[in-house]
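Number of protein chains: 4
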Amino acid sequence: MPDQKPVFLVLGAGAGIGGHVAKRFAAGGYHAVLARRSDEAGLRRLVDDIRDSGGEASGKLLDASLPDSIEDLVEDVERSIGPIHSALFNLGAQIGNRRLEDTTYKAFELGWRLATFAPFRLASALLPRMAQRGTGSLLVTSATAAVRGNAGQHSHAAAMGGRRMLCQSLNAEFAPKGVHVAHIVIDGPVDAPDTLGKMLGDNFDAYKASKGEDGMIDPAAVAETYWHLAHQPRSAWTHELDIRPYTDTPWWNDN
Amino acid sequence: MPDQKPVFLVLGAGAGIGGHVAKRFAAGGYHAVLARRSDEAGLRRLVDDIRDSGGEASGKLLDASLPDSIEDLVEDVERSIGPIHSALFNLGAQIGNRRLEDTTYKAFELGWRLATFAPFRLASALLPRMAQRGTGSLLVTSATAAVRGNAGQHSHAAAMGGRRMLCQSLNAEFAPKGVHVAHIVIDGPVDAPDTLGKMLGDNFDAYKASKGEDGMIDPAAVAETYWHLAHQPRSAWTHELDIRPYTDTPWWNDN
Amino acid sequence: MPDQKPVFLVLGAGAGIGGHVAKRFAAGGYHAVLARRSDEAGLRRLVDDIRDSGGEASGKLLDASLPDSIEDLVEDVERSIGPIHSALFNLGAQIGNRRLEDTTYKAFELGWRLATFAPFRLASALLPRMAQRGTGSLLVTSATAAVRGNAGQHSHAAAMGGRRMLCQSLNAEFAPKGVHVAHIVIDGPVDAPDTLGKMLGDNFDAYKASKGEDGMIDPAAVAETYWHLAHQPRSAWTHELDIRPYTDTPWWNDN
Amino acid sequence: MPDQKPVFLVLGAGAGIGGHVAKRFAAGGYHAVLARRSDEAGLRRLVDDIRDSGGEASGKLLDASLPDSIEDLVEDVERSIGPIHSALFNLGAQIGNRRLEDTTYKAFELGWRLATFAPFRLASALLPRMAQRGTGSLLVTSATAAVRGNAGQHSHAAAMGGRRMLCQSLNAEFAPKGVHVAHIVIDGPVDAPDTLGKMLGDNFDAYKASKGEDGMIDPAAVAETYWHLAHQPRSAWTHELDIRPYTDTPWWNDN
Chain A
1 MPDQKPVFLV LGAGAGIGGH VAKRFAAGGY HAVLARRSDE AGLRRLVDDI RDSGGEASGK
61 LLDASLPDSI EDLVEDVERS IGPIHSALFN LGAQIGNRRL EDTTYKAFEL GWRLATFAPF
121 RLASALLPRM AQRGTGSLLV TSATAAVRGN AGQHSHAAAM GGRRMLCQSL NAEFAPKGVH
181 VAHIVIDGPV DAPDTLGKML GDNFDAYKAS KGEDGMIDPA AVAETYWHLA HQPRSAWTHE
241 LDIRPYTDTP WWNDN
Chain B
1 MPDQKPVFLV LGAGAGIGGH VAKRFAAGGY HAVLARRSDE AGLRRLVDDI RDSGGEASGK
61 LLDASLPDSI EDLVEDVERS IGPIHSALFN LGAQIGNRRL EDTTYKAFEL GWRLATFAPF
121 RLASALLPRM AQRGTGSLLV TSATAAVRGN AGQHSHAAAM GGRRMLCQSL NAEFAPKGVH
181 VAHIVIDGPV DAPDTLGKML GDNFDAYKAS KGEDGMIDPA AVAETYWHLA HQPRSAWTHE
241 LDIRPYTDTP WWNDN
Chain C
1 MPDQKPVFLV LGAGAGIGGH VAKRFAAGGY HAVLARRSDE AGLRRLVDDI RDSGGEASGK
61 LLDASLPDSI EDLVEDVERS IGPIHSALFN LGAQIGNRRL EDTTYKAFEL GWRLATFAPF
121 RLASALLPRM AQRGTGSLLV TSATAAVRGN AGQHSHAAAM GGRRMLCQSL NAEFAPKGVH
181 VAHIVIDGPV DAPDTLGKML GDNFDAYKAS KGEDGMIDPA AVAETYWHLA HQPRSAWTHE
241 LDIRPYTDTP WWNDN
Chain D
1 MPDQKPVFLV LGAGAGIGGH VAKRFAAGGY HAVLARRSDE AGLRRLVDDI RDSGGEASGK
61 LLDASLPDSI EDLVEDVERS IGPIHSALFN LGAQIGNRRL EDTTYKAFEL GWRLATFAPF
121 RLASALLPRM AQRGTGSLLV TSATAAVRGN AGQHSHAAAM GGRRMLCQSL NAEFAPKGVH
181 VAHIVIDGPV DAPDTLGKML GDNFDAYKAS KGEDGMIDPA AVAETYWHLA HQPRSAWTHE
241 LDIRPYTDTP WWNDN
């Protein structure tokens with residue numbers, strides 16, 4: 001018997017925003033499907049957490065850079081679990097600051113492949129299904145690099161700038177068909193052990209302390225905003241918003 | 001005995017966004033103070049509605065273009081009802097499309113006085129109090145004219161463009177003090193009898209029908225988003241977002 | 001006998017951008033009319049410089065904040081010198097950084113009066129004349145504060161944000177009538193003794209030295225860009241551009 | 001004996017903007033190197049035109065989507081003709097409006113390869129050389145799709161949005177080293193037989209007539225603006241500007 005719950009799918013389900021949004025949707029009555037590239041044990045923990053709280057969840061390891069990986073996942077989930085009502089694309093492509101001479105073609109292409117092409121592939125596989133059902137939402141986590149390029153951000157900014165324009169293009173085609181696309185600019189450091197935590201390593205605790213209380217974005221708080229976006233009535237949809245800690249300088253301000 | 005509930009103040013409390021947000025905050029446990037320029041009976045109805053639903057509310061007629069009106073209101077509310085925890089500036093200054101030659105100096109100045117200077121006055125009276133308390137939020141309803149000027153919008157666009165930059169400036173000073181300023185771009189027609197309804201008169205119903213089901217922004221839906229914004233934890237604040245019906249073309253797209 | 005040269009009018013003709021643009025237009029065959037608020041000797045020097053180089057110029061002291069001052073100037077120039085083919089609005093309203101509590105209502109209103117209302121008045125007096133002639137251009141010097149608000153910039157950002165949206169609104173109405181409106185974001189310090197020089201006083205030389213060679217915007221270079229804009233063929237008009245020294249960080253970047 | 005003229009290189013040298021800019025730089029004293037993908041006869045005509053006018057020019061057929069093509073061209077030109085002082089990246093990736101279901105992965109990737117990766121490759125090959133010489137400029141022709149996505153523009157908008165953020169990122173790294181990067185948003189139809197002309201075929205003349213006199217962007221006019229940008233003194237550089245005919249509605253306006 002197929003699952004009767006609406007399905008929520010997240011690509012990029014680490015212990016930060018991805019995992020917390022999955023948890024929030026499961027708590028709200030969705031079957032959450034969590035997909036990530038590696039760390040089977042970490043993925044298992046996230047799924048078990050949700051189940052232990054009485055929610056429904058599935059996990060899937062998947063390399064989004066490989067052909068057919070995203071397409072097959074969408075197909076599998078829709079067939080074996082149920083129609084995907086809401087999805088979150090949560091893969092980033094931050095590789096730290098690198099001078100142009102140190103930005104290889106391979107790194108530049110990989111940035112595009114993960115940050116621009118992968119959401120296009122997810123959209124291609126998923127949005128026509130949602131459009132046919134007349135309802136659905138696609139949330140896209142994005143970054144400051146989507147709205148301004150900075151020194152050393154050649155790969156990241158190009159990939160994220162493409163992502164943002166893609167989201168506007170998808171929204172223009174699919175909003176009138178009842179499918180809500182939202183582009184969220186995360187404009188500050190996220191308290192996320194799987195991404196920023198790994199980048200900073202042993203320095204993560206010191207960095208966190210330096211930001212002060214509530215000085216890093218709490219992914220659980222972000223999850224509430226994502227939940228809100230995905231449930232705005234269709235007469236009042238938001239396409240783009242920014243999120244940062246109260247202590248952080250917005251990208252447009254002097255530092 | 002002073003009121004123990006947190007206080008929510010709205011300037012521009014008609015039967016559209018202003019009234020619905022007041023209702024939402026009252027339902028959420030705030031004492032809602034509704035201020036508007038005219039129509040005592042309409043104001044009374046809004047306040048009674050809230051009270052009938054078990055909420056707390058007060059009403060006040062007030063001409064925001066007059067000296068001291070906003071300042072005295074803030075002072076009065078803080079003294080007689082309690083500290084204002086959250087406020088909504090909801091006055092617009094749309095006067096319809098007018099060619100430059102038909103845009104009088106008086107109309108241009110009034111646009112500024114209501115749409116740029118009035119929120120500055122509210123901020124001047126209120127934000128330092130909130131900063132001293134280390135918490136609070138100011139929501140500002142804005143319009144597409146804040147992000148692009150159009151033919152015939154000389155007065156409105158200049159006033160709203162000023163409003164948006166003011167909000168960024170206020171945010172830069174007050175966010176680090178724990179005060180959340182949010183600027184909301186309403187990029188579509190609101191199903192609001194007191195504003196758009198009055199502008200269109202007898203044509204309102206026909207216009208509404210032409211937009212189709214959910215083709216006009218439901219102010220009750222907007223109220224949920226405002227409530228969400230005002231209650232984002234300080235580690236994850238949004239400064240700017242847009243709202244429109246799913247059927248409406250965003251301002252940046254071709255029509 | 002009326003002057004046969006096309007007329008160029010600048011409001012805000014100090015020794016920085018305003019004076020240099022006047023000089024450039026005079027060199028290019030215009031009769032330059034230079035208007036500024038004070039410093040008759042300084043104005044005289046600018047006019048004499050132009051005349052000594054074989055150009056035509058007139059000077060006028062004028063307080064743009066006073067009623068009818070701008071309107072009368074346009075009327076006078078058009079009647080006594082000739083049709084204004086191109087104009088530059090070059091008045092700023094930077095008052096330095098001030099906390100909200102230190103930003104008086106008077107300062108906020110004066111910012112609007114000089115930076116938003118004054119260009120609206122110039123446009124109202126001038127653009128319909130240009131539209132009737134089917135040709136003309138209005139250049140508007142603007143500032144970073146027109147595109148982002150910063151802490152302490154409450155008055156300046158609100159005024160400049162209004163200016164930018166006004167320019168877009170004017171462009172939308174008047175471009176199809178053959179009148180070119182351009183909004184130029186000066187995003188760096190100008191080597192201008194009359195404005196930045198006066199603000200910094202004795203520290204100006206030290207500041208300039210600290211910026212290094214070519215580290216401050218040369219107003220003569222800006223004048224070439226303004227000249228170029230005013231003479232773009234109507235099939236290829238620019239509405240907005242930014243200008244800064246090569247050493248300066250653009251406003252959208254981290255510092 | 002090596003050529004003593006400064007060298008100007010254009011990728012995408014058709015009979016529109018690319019060819020006219022090459023002509024303008026040759027007239028201004030540069031040796032112009034024109035590279036394009038196909039139409040050897042057309043390329044020959046452009047080169048001969050320049051030579052017949054007394055200018056210096058070379059032509060090169062080159063498929064920018066192939067590995068090493070751009071890199072080898074830069075290397076060849078620098079060795080056999082001289083240091084490239086200024087370059088224009090003028091390749092577009094407009095494929096017309098296509099629904100998401102009709103936008104193949106191949107088309108999406110090709111858009112990126114030509115419109116985002118190719119300018120990155122040019123920058124990688126060229127900007128470090130310019131930085132070492134402490135001077136140079138890279139002009140990048142861009143499109144409205146770089147600043148907003150539209151329905152059917154999934155491939156184009158993603159590619160151009162990436163291009164714009166790349167340019168900001170390059171500017172942030174290279175401006176302080178004396179290399180000027182400019183991103184020009186062409187926001188209207190160009191009177192270009194090789195691109196728009198080919199897209200419209202027999203309808204080109206009717207389309208052109210429908211736009212009225214000066215209703216299409218004259219590439220010769222654009223060439224003057226590009227020339228101006230490439231020769232702004234380094235104290236007053238422009239990073240981004242827009243160009244459209246006076247009759248055309250800017251992208252941010254209602255149509």
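Protein chains in written order, with UniProt numbering: chain A, 1 to 255; chain B, 1 to 255; chain C, 1 to 255; chain D, 1 to 255.
We put the beta carbon where it would ideally sit given N, CA and C, even for glycine.
Cβ of residue i within 8 Å of any chain B Cβ
i                      : result
residue 260 of chain C : There is simply no residue 260 of chain C to check, as chain C begins at 1 and stops at 255 in what is shown.
C/Pro2                 : For C/Pro2, the predicted model reports a pLDDT of 48, less than 50, meaning its position is unreliable and no value from the coordinates is stated.
C/Glu173               : yes
D/Arg129               : no
A/Gln153               : no
Enclosing alpha helix (DSSP H) for residue i [first to last residue]
i                      : result
C/Phe8                 : Where C/Phe8 is concerned, there is no enclosing alpha helix (DSSP H), although the beta strand (DSSP E) it sits in stretches over 7-11.
A/Gly42                : 40-52
B/Leu200               : 196-200
C/Ala151               : Unbroken run through C/Ala151: none, as it is neither H nor E.
residue 274 of chain C : In this structure chain C extends from 1 to 255, so residue 274 of chain C is not present and cannot be described.
Residue i, enclosing beta strand (DSSP E) - first and last residue
i        : result
D/Thr141 : 136-143
A/Leu100 : Careful: A/Leu100 lies outside any beta strand (DSSP E) and carries neither H nor E.
C/Arg79  : Unbroken run through C/Arg79 is the alpha helix (DSSP H), 69-80; no beta strand (DSSP E).
B/Ile243 : 240-243
D/Ser86  : 84-89
D/Leu34  : 31-36
D/Ala57  : 56-61
Min CB distance residue i to chain D below 8 Å
i        : result
A/Thr249 : no
C/Met165 : no
A/Gly136 : no
C/Asp242 : yes
Close beta carbons around residue i, own chain, < 6 Å, minus the five adjacent residues each side
i        : result
D/Gly19  : Ala13, Leu46
A/Thr180 : Looking at the sequence itself, residue 180 of chain A is His, so the reference to Thr does not match. Same-chain partners within the cutoff: Ser137, Trp237.
A/Thr135 : Gly178
B/Gly162 : Thr116
CB contact below 8 Å: residue i versus chain A
i        : result
C/Asn203 : no
C/Lys5   : no
D/His189 : Per the sequence shown, the amino acid found at residue 189 of chain D is Pro instead of His. So no, D/Pro189 is outside the interface.
Short Cβ contact (8 Å threshold) for residue i with residue j
i        : j        : result
B/Ala93  : B/Ala125 : no
D/Leu11  : D/Ala57  : no
C/Pro83  : C/Val33  : no
B/Pro117 : C/Glu109 : The sequence shown places Phe at residue 117 of chain B, rather than the Pro named in the question. In this structure, C/Glu109 lies closer than 8 Å to B/Phe117 by Cβ.
Sequence-distant residues of its chain with Cβ nearer than 7 Å to residue i (five each side left out)
i        : result
B/Trp251 : Thr144, Val147, Arg148, Asp187
B/Ala107 : Ile95, Ser155
B/Arg121 : Ile70, Glu71
B/Gly215 : Pro245, Thr247
Cutoff 8 Å; reference residue i; Cβ partners in own chain excluding five residues on either side
i        : result
B/Tyr105 : none
D/Gly111 : Ala93, Ile95, Ser155, His156, Ala158, Ala159
Below-8 Å beta-carbon distance, residue i vs any chain C residue
i        : result
A/Trp227 : no
D/Tyr30  : no
Specify whether the stretch 80-100 of chain C and the stretch 147-161 of chain C touch according to this definition: at least 3 beta carbon pairs, one from each stretch, less than 8 Å apart. Contact annotation: the stretch 80-100 of chain C touches the stretch 147-161 of chain C, with at least three C-beta pairs closer than 8 Å.
With a threshold of 8 Å, are at least 3 pairs of Cβ atoms found where one atom belongs to the stretch 184-201 of chain A and the other to the stretch 184-196 of chain D? Three or more Cβ pairs closer than 8 Å define a contact, and the stretch 184-201 of chain A falls short of that threshold against the stretch 184-196 of chain D.
Three CB pairs or more closer than 8 Å across the stretch 244-254 of chain A and the stretch 196-205 of chain B: With contact defined as three or more Cβ pairs closer than 8 Å, the stretch 244-254 of chain A and the stretch 196-205 of chain B are not in contact.
Please name the residues in the stretch 94-126 of chain A whose beta-carbon is closer than 8 Å to at least one beta-carbon of chain E, in chain order. Of the protein chains in the structure, A, B, C and D, none is chain E.
For the stretch 200-215 of chain C against the stretch 167-176 of chain C, do three or more pairs of beta-carbon atoms, one drawn from each stretch, fall closer than 8 Å, so that the two count as touching? Two segments are said to touch when three or more pairs of C-beta atoms, one from each, lie closer than 8 Å; by this definition the stretch 200-215 of chain C does not touch the stretch 167-176 of chain C.
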